[in-house]
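**Student:** As given, the protein sequences belong to chains F and C, one line each in that order. Residue 1 is where the first sequence starts when you use this note's numbering, and the numbers rise one by one after that. Residue 175 is where the second sequence starts when you use this note's numbering, and the numbers rise one by one after that. C-beta atoms are modelled at their ideal positions from N, C-alpha and C, and glycine is treated no differently.
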Amino acid sequence: MNSLLILFIILAVAAILSALGLLLSRSAIYAALFLVLNFACVAIFYLILGAPFIALTQITVYAGAIMVLFLFVIMLLGAEKLPGTKAIPWQKPLAIGLSAVLLVESGFLLFQRLKLAVDLAQPDAKVNTMDSIRQLALMLFNQYLLPFEITSILLLVAMVGAIVLTKQEKGAAG
Amino acid sequence: MEGTIPLTYFIAVSAVLFMMGTLGVLIRRNALIVFMSIELMLNASNLAFVAFARSYGVLTGQIFVFFVMTVAAAEVAVGLALIVAIFRSKHSIDVDQMSSLKG
């Protein structure tokens, strides 16, 4: 019995249902919690694919830091109960149609061009160990050292930008 | 735990998640949920990166996912600051309300 495939199908259903919950939920807080569930499912996909470092980064950075920031802003604004404004009448059907076109396009590419139907075996015992993380670190700090440093500048700029954007002007009533 | 999973399945899940992200951007009018949908799209592309990295047996895909996560974190910090600033001036985060430049 292909137990890995069963695990995959359960996770895929959970991921897609939680994405659907994000789309349909009225409250922004429920949407954020659905997104956390989706991130957790994708993190387990990463573990299946033999990327333990990425999986843990997904949990700590995405499901931890980023979603906590989202929840913080939702509660700060108190905007979870938005009054329903009138929508453009043809917006929703058009959006669903265009998304269906996108899905059909990518499905067509998937089954026409992706002839390399590689079977990804379970990660052998070697993959999910410290050794793969060591390989990743060696690559990150040798071959990709410059992009890594640029990333730190990007984070610094984002931090300063966020502070400047939310700073109250002197004399302006908040 | 044994067995194999075709690469196609992972890419299909990634495509479906990306499609739902675009749908969320198009139909939701709460700016915060539009932002979350963008995160969903980034996440779907990350899943495709890791799946391809596994099938080709190289680590470059995982390195790229690492950078995508960093950029997403920076984007969320700046974007949420923008949303807070817009909420202060317009008292709403409905994207349909932000039409001051409309002629």
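Could you tell me the distance, in whole angstroms, from the CA atom of Ile212 of chain C to the CA atom of Phe111 of chain F?
**Tutor:** Distance between the alpha carbons of Ile212 of chain C and Phe111 of chain F: 26 Å.
**Student:** Should Thr60 of chain F be flagged as near chain C, meaning a C-beta pair shorter than 8 Å?
**Tutor:** No - not a single Cβ of chain C is within 8 Å of the one on Thr60 of chain F.
**Student:** Secondary structure at Asn2 of chain F, three-state DSSP: helix, strand or coil?
**Tutor:** DSSP places Asn2 of chain F in coil when its eight states are reduced to three.
**Student:** Output, in sequence order along the chain, the residues in the stretch 137-158 of chain F whose CB is closer than 7 Å to any CB in chain C.
**Tutor:** Taking 7 Å as the Cβ-Cβ cut-off against chain C, the residues of the stretch 137-158 of chain F that qualify are Met139, Leu140, Tyr144, Pro147, Thr151, Leu154, Leu155 and Ala158.
**Student:** Checking contacts by CB at 8 Å: is Gln135 of chain F closer than that to chain C?
**Tutor:** So, interface residue.
**Student:** Does the Cβ-Cβ distance between Leu24 of chain F and Met194 of chain C come in under 8 Å?
**Tutor:** Going by C-beta atoms, Leu24 of chain F is not nearer than 8 Å to Met194 of chain C.
**Student:** Identify whether Pro180 of chain C lies in helix, strand or coil by the three-state DSSP scheme.
**Tutor:** Of the three classes helix, strand and coil, the one that applies to Pro180 of chain C here is strand, per DSSP.
**Student:** How should Phe108 of chain F be labelled, buried or exposed, when 16 other C-beta atoms within 10 angstroms of its C-beta is the threshold for buried?
**Tutor:** Flag for Phe108 of chain F reads exposed.
**Student:** Interface residues of chain F around Met215 of chain C at Cβ under 7 Å?
**Tutor:** What Met215 of chain C touches in chain F: nothing, since even the nearest Cβ is about 10 Å away.
**Student:** Does the stretch 199-207 of chain C come within contact of the stretch 226-235 of chain C, defined as at least 3 CB pairs closer than 8 Å?
**Tutor:** No: fewer than three Cβ pairs fall under 8 Å.
**Student:** Enumerate, from N- to C-terminal direction, the unbroken beta strand (DSSP E) stretches of 3 or more residues contained entirely within the stretch 23-87 of chain F.
**Tutor:** Complete beta strand (DSSP E) runs here, min 3: none at all.
**Student:** Which term fits Ala68 of chain F, buried or exposed, when burial requires 16 or more other beta carbons within 10 angstroms of its beta carbon?
**Tutor:** Here residue 68 of chain F is Val; the residue named in the question, Ala, does not match the sequence. Looking at its Cβ environment, which holds fewer than 16 other Cβ atoms inside 10 Å, Val68 of chain F is exposed.
**Student:** Please say whether Val258 of chain C and Val73 of chain F have beta carbons closer to each other than 8 Å?
**Tutor:** Yes, Cβ-Cβ distance for Val73 of chain F and Val258 of chain C is below 8 Å.
**Student:** To the nearest angstrom, how far is it from the Cα of Leu256 of chain C to the Cα of Val250 of chain C?
**Tutor:** Rounded to the nearest angstrom, the two C-alpha atoms are 10 Å apart.
**Student:** Give me the subset of the stretch 235-254 of chain C whose CB atoms are less than 8 Å from a CB atom of chain F, sorted by chain position.
**Tutor:** Result list: Gln236, Ile237, Val239, Phe240, Phe241, Met243, Thr244, Val245, Ala246, Ala247, Ala248, Glu249, Val250, Ala251, Val252 and Leu254.
**Student:** Taking all protein chains shown into account, do 16 or more other C-beta atoms lie within 10 angstroms of the C-beta of Ser274 of chain C, making it buried, or fewer, making it exposed?
**Tutor:** Flag for Ser274 of chain C reads exposed.
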